[in-house]
Amino acid sequence: MIGGALARPCISYPDLFPPGTIWERFPYLLPNLFSACAVACGVITGFLFFEETHSEKKHRRDPGVELGKRLLLWMSSNNCQITARKAEKQALLDEEQLPAYRSTENSPHLSTSSGPEPRESLDLDATSDAMSEVIEVGKPRVFTKPVILNIISYGILAL
Amino acid sequence: MSIFPYIYYMVEDFNITDDKTKISVYAGMVTSAFTLAEFSTGVLWGRLSDRIGRKPVLLTGLAGTALSVLIFGFAPNLTVALIARALGGLLNGYVRCPPYGTVKIDRRPSNIGVLQTTVAELVTVKEHQRKSQCLEFLELSHPR
Chain X
1 MIGGALARPC
11 ISYPDLFPPG
21 TIWERFPYLL
31 PNLFSACAVA
41 CGVITGFLFF
51 EETHSEKKHR
61 RDPGVELGKR
71 LLLWMSSNNC
81 QITARKAEKQ
91 ALLDEEQLPA
101 YRSTENSPHL
111 STSSGPEPRE
121 SLDLDATSDA
131 MSEVIEVGKP
141 RVFTKPVILN
151 IISYGILAL
Chain B
160 MSIFPYIYYM
170 VEDFNITDDK
180 TKISVYAGMV
190 TSAFTLAEFS
200 TGVLWGRLSD
210 RIGRKPVLLT
220 GLAGTALSVL
230 IFGFAPNLTV
240 ALIARALGGL
250 LNGYVRCPPY
260 GTVKIDRRPS
270 NIGVLQTTVA
280 ELVTVKEHQR
290 KSQCLEFLEL
300 SHPR
């Protein structure tokens, strides 16, 4: 829909796109330009914040993600400087005693169990009950925020 | 964004032929160039993403798609438009073609694209993998 709405803008919107400009020479440029800008935004976002998921390549140094983190830090420091200072002052002014670090105890006591005991759930009824429980709990929680956002984005893409 | 609404008029403006019936043939050629290129080269993207990682493949694919779409907008004749669409299809293969070491969902190797593999690699909790399958719509996130 957006492709059709933005094509030939000199004919469709002569006030916004006067004839004699580049929009008349390339009448199908506008929808493609819009598309390219949207994809370019995706590229920038992906470069800055997308983390590698490949199991072996995950631990490679990623300059894009580092830049993204630095950017976020810079932005949050601009916004939260005042609130951070207030919180600091409040903590200093409070007379509460922080819990003292006790070093009188030796090593922490470990539990005496030897590890997870093997559970033999051969009972089919029990497993099917457990599965139906999972499914029942899962049903109302399908429409979480990421899913709704994706549905909205595809609605926009359909245009 | 799809090109279907205006592709007929675009081919008409190229003034290739006086016969109006032939315009649809050329419009069909332009439209299918994309999918043909995607089909021809797509398998390589999955294999490549196994070697160099998901992020470089996804980002170059996206950047290349943006470039090809821009070239398509500036196309003065049919040849350039065809080349631009073919290029777009070539660089769009990451969406569909599976990496070699595909993630197993529900213990079956799935023939899913790099994008879905990324999602599946992100989602590690078994219960949430069913929800992640709803995100199969991610393969639509590119202009056709």
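Chains as they are written, first to last, in the numbering used here: chain X, 1 to 159; chain B, 160 to 303.
Note that beta-carbon positions come from the ideal geometry of N, C-alpha and C, so glycine has one too.
Per DSSP, Asn236 of chain B is not a residue of any alpha helix (DSSP H), being assigned neither H nor E. With respect to the C-alpha of Val239 of chain B, the residue from B:Met188, B:Pro215 and B:Pro164 having the closest C-alpha is B:Met188.
Contacts between Asn32 of chain X and chain B, judged by CB atoms closer than 7 Å, involve Val228, Leu229, Phe231 and Gly232 in chain order.
For the 8 Å CB-CB criterion, Gly3 of chain X and Ile230 of chain B do not form a contact. The three-state reading of DSSP puts Gly212 of chain B in coil, since its state is none of H, G, I, E or B. A residue is called buried once 16 or more other Cβ atoms fall within 10 Å of its Cβ, and Leu73 of chain X, having fewer, is exposed.
DSSP, read as helix, strand or coil, puts Glu52 of chain X in coil. Residue burial is scored here from C-beta neighbours: Thr180 of chain B has fewer than 16 other C-beta atoms within 10 angstroms and is therefore classed as exposed. Taking 8 Å as the cut-off, the Cβ atoms of Cys10 of chain X and Trp23 of chain X count as close. Pro31 of chain X carries a helical assignment under DSSP once its states are collapsed to helix, strand and coil. Non-local C-beta neighbours of Leu48 of chain X in its own chain, meaning closer than 8 Å and more than five positions away in sequence, comprise Gly64, Val65, Leu67, Gly68 and Leu71, ordered along the chain.
With its beta carbon at least 8 Å from every one in chain B, Leu72 of chain X lies outside the interface. CA-to-CA, the gap between Phe26 of chain X and Gly232 of chain B works out to about 7 Å. Scanning its chain for C-beta atoms nearer than 7 Å, with the 5 sequence neighbours on each side dropped, one finds around Pro31 of chain X the residues Ile2, Gly3, Leu6 and Ala7, in chain order. Using beta-carbon distances, Phe26 of chain X counts as an interface residue toward chain B, with a partner under 8 Å. By the CB criterion at 8 Å, Ala196 of chain B and Ala245 of chain B fall inside the cutoff.
For Ser161 of chain B, there is no enclosing alpha helix (DSSP H), as DSSP marks it with neither H nor E.
Within chain X, the residues Gly3 have their CB atoms less than 8 Å from the CB of Ser161 of chain B, given in chain order. Asn251 of chain B is not a Cβ neighbour of Phe173 of chain B, given a cutoff of 8 Å.
With respect to Tyr165 of chain B, Tyr28 of chain X sits close: the two C-beta atoms are nearer than 8 Å. Between Ser76 of chain X and Met169 of chain B, the alpha-carbon positions lie close to 47 Å from each other. Taking C-beta atoms as the reference points, Thr190 of chain B and Ile182 of chain B fail to come closer than 8 Å. In summary, the residues of the segment 161 to 189 of chain B whose CB is separated from some CB of chain X by less than 8 Å are Ser161, Ile162, Phe163, Pro164, Tyr165, Tyr168, Met169 and Asp172, in the order they occur in the chain. For Met169 of chain B, the enclosing alpha helix (DSSP H) begins and ends at Ile166 to Asp172.
Taking every protein chain shown into account, the CB of Val142 of chain X has fewer than 16 other CB atoms within 10 angstroms, so this residue is exposed. With contacts defined as CB atoms closer than 8 Å, Val202 of chain B and Ser208 of chain B fail to qualify as a contacting pair.
Nearest CB-CB separation between Thr238 of chain B and chain X: not below the 8 Å threshold.
With a 10 Å radius around the Cβ and a threshold of 16 neighbouring Cβ atoms, Lys145 of chain X comes out exposed. Contacts with chain X at 8 Å (Cβ-Cβ) do not include Thr194 of chain B. Residues of chain X whose Cβ lies closer than 7 Å to the Cβ of Ala245 of chain B do not exist; the shortest such Cβ separation is about 15 Å. For Phe47 of chain X, the C-beta contacts it makes with chain B under 7 Å involve Leu218, in order along the chain.
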